[in-house]
Amino acid sequence: MSHPDLSVVIFAFNEESNIAPVLTELRQWLSANEPAAEVVFVDDGSSDSTSAEAANALSGTPHQLLRHETNRGIGAALKTGVQAAKGAWVTFLPADGQIAPDAIGTLRTAAAREQTEVVFSVYDHRDDGLHRKILSAGVRALILMIHGVRMRSDGPYLFRHALFDADQLVPDTFFLNFEFPIRMLGAEVPATVVTIECRPRRSGHSKSTGLKRIYGVAQDLIELRIRRVKESHGRHA
């Protein structure tokens with residue numbers, strides 16, 4: 013299978029207790045619904061047995077197993093996975109079990125139905141607490157003010173592989189999940205939005221939440237605006 017139609021990127025950092033059941037559930041869903049798809053697993057510098065658990069869980073199914081020697085961030089893991097992916101279409105799932113593989117089907121159905129290039133997702137309900145809701149609303153307002161786009165993107169998205177330029181996408185952090193949608197919407201790439209379910213984590217705690225991760229988003233948005241302006245000037249020079 014040199015050129016699958018779909019690649020599913022899974023990224024993980026110290027998820028040894030979650031990864032086997034998450035990948036088993038994914039394998040079962042892919043076998044029934046996307047049997048030609050490949051799985052691209054990226055271990056983002058785990059210090060536990062995440063890689064070994066993943067290798068065992070993926071044995072016998074088309075996959076790639078990649079590893080960062082140090083923890084580089086969600087954005088870096090996603091870029092590594094997408095660069096290695098062989099599929100014409102790419103999507104991704106976290107390794108905590110919060111997003112069921114059924115979401116892939118929802119994304120794929122919408123892409124075929126709408127004849128679109130990107131499919132974003134929002135959650136049907138997710139109780140993150142009042143402060144997270146306020147922060148999320150604030151970030152969306154900043155995106156609209158600084159970049160002029162109304163972004164609706166909470167969870168995984170599906171996109172044509174050719175749209176993802178890892179060299180252009182600078183962030184190694186979670187901010188990549190703001191930058192890619194902003195760039196697609198700003199470029200008026202045909203896109204649609206679907207609603208998916210967000211489940212509780214199987215175990216452990218989130219490593220991408222809290223003020224430590226969210227702090228600096230406004231500065232990142234401004235820096236992205238500067239980069240986009242420079243890129244635009246470069247194209248028209």
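Each residue of the sequence shown is one higher than the one before, counting from 13 in my numbering.
Every residue gets a Cβ at the ideal spot worked out from N, C-alpha and C, and that includes glycine.
Just so we're clear, the structure is a prediction, and the values are computed from it rather than from any experiment.
For residue i and residue j, which I take to be in contact (beta-carbon distance under 8 Å), what is that distance rounded to the nearest angstrom?
i              : j                : result
histidine 75   : alanine 88       : Wrong, their Cβ atoms sit about 20 Å apart, outside the cutoff.
glutamate 209  : aspartate 108    : Incorrect: roughly 14 Å between the Cβ atoms, too far for contact.
aspartate 56   : phenylalanine 23 : 6 Å
isoleucine 116 : alanine 69       : Actually they are not in contact, since the Cβ atoms of isoleucine 116 and alanine 69 sit about 17 Å apart, beyond 8 Å.
proline 106    : glutamate 37     : Not confirmed; about 13 Å, so no contact.
isoleucine 111 : glycine 167      : 6 Å
Quick one: Cα of residue i to Cα of residue j, how far?
i                 : j              : result
glutamine 95      : aspartate 60   : 25 Å
tryptophan 41     : valine 241     : 42 Å
glutamate 129     : alanine 203    : 6 Å
glutamate 28      : isoleucine 155 : 35 Å
proline 193       : methionine 163 : 7 Å
isoleucine 158    : aspartate 232  : 11 Å
phenylalanine 171 : valine 102     : 6 Å
lysine 219        : glutamine 127  : Note that lysine 219 scores a pLDDT of 48, beneath 50, so its modelled location is shaky; the value from the coordinates is reported in the next line. Those two C-alpha atoms are separated by around 35 Å.
valine 229        : asparagine 83  : 20 Å
serine 244        : serine 71      : 45 Å
proline 33        : proline 212    : 14 Å
aspartate 177     : arginine 195   : 11 Å
phenylalanine 190 : serine 165     : 8 Å
alanine 182       : leucine 188    : The displayed chain sequence assigns valine, not alanine, to residue 182. Straight-line Cα distance between these residues: approximately 8 Å.
isoleucine 234    : tyrosine 169   : 23 Å
alanine 124       : alanine 66     : 31 Å
DSSP state of residue i, grouped into three classes?
i              : result
proline 33     : helix
valine 201     : coil
alanine 122    : helix
lysine 219     : With a pLDDT of 48 at lysine 219, under the threshold of 50, the modelled position of that residue is not reliable, and the figure given next carries that caveat. In this structure, lysine 219 counts as coil in the three-state DSSP scheme.
arginine 237   : helix
isoleucine 22  : strand
isoleucine 194 : helix
isoleucine 208 : strand
Once the 5 residues before and after residue i are set aside, which same chain residues still bring their CB inside 7 Å of it?
i             : result
valine 206    : Thr118, Leu119, Ala122, Val131 and Ser133
asparagine 26 : Ser58, Ser59, Asp60 and Thr62
aspartate 161 : Looking at the sequence shown, residue 161 is not aspartate but valine. Answer for valine 161: Ile155, Ile194, Leu197 and Gly198, listed in chain order.
arginine 237  : Ile158 and His159
valine 201    : Glu129, Val130 and Leu175
Ordered along the chain, which non-local residues of its own chain (more than five positions away) have a Cβ less than 8 Å from that of residue i?
i             : result
alanine 49    : Pro16, Asp17, Leu18, Ser19, Val20, Leu42, Pro74 and Gly99
histidine 173 : Ser19, Val94, Ala97, Gly99, Ala100, Trp101 and Val102
Once the 5 residues before and after residue i are set aside, which same chain residues still bring their CB inside 6 Å of it?
i            : result
valine 52    : Ser19, Val21, Gln76, Gly93, Ala96 and Ala97
glycine 85   : Asp184 and Thr185
valine 9     : Since the first residue of the chain shown is 13 and the last is 249, residue 9 is not available in this structure.
valine 151   : Val229
glutamate 46 : Leu18
Please give the ranges of any alpha helix (DSSP H) in the stretch 38-87, keeping only runs that are unbroken, at least 4 residues long and fully inside the region. Runs of the alpha helix (DSSP H) lying entirely within the stretch 38-87 and spanning at least 4 residues, in chain order: 62-70.
Runs of 3 residues minimum, wholly inside the stretch 126-192: which ones carry the beta strand (DSSP E) assignment? Here the runs fully enclosed are 130-135 and 170-172.
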